[in-house]
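Engineer: Here it is: the structure, laid out below.
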Amino acid sequence: MKYIDEFRAKDLAVKLTGAIAAAAYPGRTYNLMEFCGGHTHAIFRYGVQDLMPANVNFVHGPGCPVCVLPTGRIDGAIHLAEKYGVTLCTYGDLLRVPAGKRRTLMKSKADGADIRMVYSTMDVLKIARNNPEKQVVFFAIGFETTTPPTAVAIKQARAEGLKNFSVYGNHVLTPAAIQHILQSPEVRELNSVSIDGFFGPAHVSSVIGSRPYEYFAEEFQRPVVIAGFEPLDVMQAALMLINQLNEGRYEVENEYTRVVDREGNTKAQALVADIFELRRSFQWRGLGEVPYSALKIKQAYGAFDAERRFEIPESGAGDIKGCACPAILRGAKRPTDCKLFGTACTPDNPMGSCMVSSEGACAAYWTYGRFRKGKEAAA
Ligand code: SF4
390 MKYIDEFRAK DLAVKLTGAI AAAAYPGRTY NLMEFCGGHT HAIFRYGVQD
440 LMPANVNFVH GPGCPVCVLP TGRIDGAIHL AEKYGVTLCT YGDLLRVPAG
490 KRRTLMKSKA DGADIRMVYS TMDVLKIARN NPEKQVVFFA IGFETTTPPT
540 AVAIKQARAE GLKNFSVYGN HVLTPAAIQH ILQSPEVREL NSVSIDGFFG
590 PAHVSSVIGS RPYEYFAEEF QRPVVIAGFE PLDVMQAALM LINQLNEGRY
640 EVENEYTRVV DREGNTKAQA LVADIFELRR SFQWRGLGEV PYSALKIKQA
690 YGAFDAERRF EIPESGAGDI KGCACPAILR GAKRPTDCKL FGTACTPDNP
740 MGSCMVSSEG ACAAYWTYGR FRKGKEAAA
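Each residue of the sequence shown is one higher than the last, beginning at 390 in the numbering used here.
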């Protein structure tokens with residue numbers, strides 16, 4: 390299949406493995422953070438880490454939208470469904486993420502709340518049109534990739550005069566999160582998280598372009614290479630990062646040129662800017678309060694903002710005791726550092742968001758089993 394097969398070719402992978410081994414200086418380490426969960430899964434699915442020299446490490450970042458949503462916001466969504474009796478629509482992964490008191494949207498649904506899984510924002514509009522007597526709320530999450538479809542739905546709802554549709558918005562911003570990580574004491578002072586460079590996200594960058602990364606590449610002296618999601622994309626990007634580090638360059642480079650350019654999708658950006666504005670601060674799981682890291686619906690579209698239409702308390706509930714998701718999302722721990730990994734916590738019985746989402750680091754470790762050694766892995 391075009392654009393897939395050629396990025397999984399074994400002969401090219403062998404050549405790249407050799408090129409990376411030759412480029413990596415034996416006397417130093419290269420800790421490369423993949424911000425995006427899509428890259429984490431590509432690395433584990435195809436065994437890319439196993440092809441790297443011992444001194445080239447992948448550090449998993451917070452780029453999984455389900456994982457970074459704090460429990461309080463999920464409690465807020467459950468409150469909407471149970472207290473106000475709204476029809477709450479959201480994407481599938483979110484249904485199983487534990488919130489306060491180990492409640493989930495799935496359990497709330499089983500108890501009778503009207504919670505529905507949707508595949509697109511157009512599904513939500515359809516539900517609203519077909520149920521004019523019900524308030525229909527879209528529990529919107531995601532990075533810059535999923536924000537434009539939410540904006541389209543709000544515009545469409547206004548054009549149709551839909552009175553029973555609103556959005557509980559949780560759209561977050563990638564560059565603000567990367568900058569926050571680089572400014573964190575763990576990176577700057579304690580050195581407990583060492584990040585030498587970043588793989589820039591693929592889908593997000595197709596919307597925002599490569600330009601937004603330029604500031605912190607220069608300011609924090611960390612190279613960024615935007616990479617596609619196929620294994621050879623990741624390997625090529627790793628080589629580009631290693632070369633930059635060897636040469637003392639801290640630039641934004643683009644491996645994913647078949648999709649991403651410097652400016653991104655300007656139409657989508659204009660659409661989002663029409664409907665959303667920056668929140669002063671937003672709580673992330675793992676990162677805490679991050680200034681200007683999320684969007685809220687502008688006053689002009691306030692009629693479609695569930696946070697204006699309903700009173701939604703935030704519970705302030707923390708993660709389940711022992712769950713290391715927050716540290717994993719900051720790159721400070723690996724899933725196998727968590728005592729619950731593979732014992733109390735598995736994809737069938739997730740204790741934290743990182744084990745639920747198809748983009749979560751714990752799910753990637755568990756699904757592809759590369760942490761298992763010897764006979765166990767072969768079994
Ligand atoms: S293994 Fe489960 S409990 Fe541990 S960090 Fe991952 S999601 Fe949380």
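Glycine residues also receive a C-beta, built at the ideal position from the N, C-alpha and C atoms.
#1: With a 10 Å radius around its C-beta and 16 neighbouring C-beta atoms as the bar for buried, classify methionine 422 as buried or exposed.
#2: Which one of Ile597, Ala606, Gln610, Pro590 has the shortest CA to CA distance from alanine 626?
#3: Terminal residues of the continuous alpha helix (DSSP H) containing valine 745?
#4: Within its chain, find whatever has a CB closer than 6 Å to the CB of isoleucine 597; leave out the 5 residues flanking it on each side and keep chain order.
#5: According to DSSP, what are the bridge partners of arginine 647?
#6: Quick check for students: name the residue ranges of the alpha helix (DSSP H) that lie wholly in the segment 521-591, counting only runs of 4 or more.
#7: On the DSSP letters alone, give me the boundaries of the alpha helix (DSSP H) that glycine 427 sits inside.
#8: Can you give me the C-alpha to C-alpha distance between glycine 691 and serine 746, rounded to a whole angstrom?
#9: Using 8 Å as the Cβ pair cut-off and three pairs as the minimum, do the segment 545-558 and the segment 482-492 touch?
#10: Name the DSSP beta bridge partners of methionine 730, please?
#11: Bridge partners for alanine 683 per DSSP, in chain order?
#12: Can you list, in chain order, the residues of its chain whose CB lies under 8 Å from that of aspartate 650, leaving out five sequence neighbours each side?
#13: So is the beta-carbon of glycine 653 under 7 Å away from any non-hydrogen atom of the ligand SF4?
#14: Could you check which residue in Thr418, Cys425, Pro442, Pro680 has the C-alpha nearest to that of histidine 381?
#15: When you compare the CB positions of valine 661 and alanine 488, do they come within less than 8 Å of one another, or not?
#16: Is DSSP giving glutamine 688 helix, strand or coil here?
#17: List the endpoints of the continuous beta strand (DSSP E) containing proline 451.
#18: Count the CB pairs spanning the segment 713-725 and the segment 751-761 that are closer than 8 Å, and state whether there are at least three.
#19: When DSSP builds the beta bridges, which residues end up paired with tyrosine 419?
#20: Report the partner residues of leucine 469 according to the DSSP bridge assignment.
#21: Apply the 10 Å Cβ neighbour rule to arginine 669 and answer buried if 16 or more other Cβ atoms are within range, or exposed otherwise.
#22: For the beta strand (DSSP E) that contains glutamine 615, what are its first and last residues?
#23: Does the segment 409-420 come into contact with the segment 628-639, if we say contact requires no fewer than three beta-carbon pairs (one atom in each stretch) closer than 8 Å?
#24: Taking its Cβ as the centre, do 16 or more other Cβ atoms sit within 10 Å of isoleucine 393, making it buried, or is it exposed?
#25: Under the rule that 16 or more other beta-carbon atoms within 10 Å means buried, what is alanine 659, buried or exposed?
#26: Are leucine 440 and valine 526 close, meaning C-beta to C-beta below 8 Å?
#27: Tell me the DSSP bridge mates of cysteine 478?
#28: Measuring from each Cβ to the nearest heavy atom of the ligand SF4, keep the ones under 5 Å and list them in chain order.
#29: Can the beta-carbon of threonine 536 be found closer than 8 Å to that of phenylalanine 424?
#30: Roughly how many whole angstroms lie between the Cα atoms of lysine 404 and methionine 624?
#31: Apart from the five residues on each side of it in sequence, which residues of its chain come closer than 7 Å, Cβ to Cβ, to leucine 634?
#32: By DSSP's criteria, aspartate 694 is part of a beta bridge. Which residues make up the other side?
#33: Taking only the alpha-carbon atoms, compute the straight-line gap between glycine 478 and methionine 511 and give it to the nearest angstrom.
#34: By alpha-carbon positions, which one of Ala733, Glu700, Asp694 ends up nearest to glycine 711?
#35: Helix or strand or just coil, what does DSSP make of glutamate 607?
Structural biologist: Answer, in terms of the structure:
#1: buried
#2: Pro590
#3: 742-745
#4: Glu533, Gly653
#5: DSSP output for arginine 647 lists no bridge partner at all.
#6: 536-549, 563-572, 574-577
#7: 426-434
#8: 30 Å
#9: no
#10: Note that residue 730 is phenylalanine in the sequence shown here, rather than methionine. According to DSSP, phenylalanine 730 bridges with Cys734.
#11: Val561
#12: Gly598, Ser599, Asn643
#13: no
#14: No answer is possible for residue 381: the residues shown for the chain start at 390 and end at 768.
#15: no
#16: helix
#17: 445-452
#18: yes
#19: Val445
#20: According to DSSP, which records beta bridges pairwise, leucine 469 is partnered with nothing at all.
#21: exposed
#22: Checking the sequence shown, residue 615 turns out to be isoleucine, not glutamine. It spans 613-615 - the beta strand (DSSP E) in which isoleucine 615 sits, taken as one unbroken run.
#23: yes
#24: exposed
#25: exposed
#26: no
#27: Arg505, Phe527
#28: Cys712, Ala713, Cys714, Cys727, Leu729, Phe730, Cys734, Met740, Gly741, Cys743, Met744, Cys751
#29: no
#30: 10 Å
#31: Tyr419, Asp585, Gly586, Pro612
#32: Val556
#33: The sequence given here places cysteine at residue 478; glycine does not occur at that position. Each residue's Cα considered, the two are about 11 Å apart.
#34: Ala733
#35: helix
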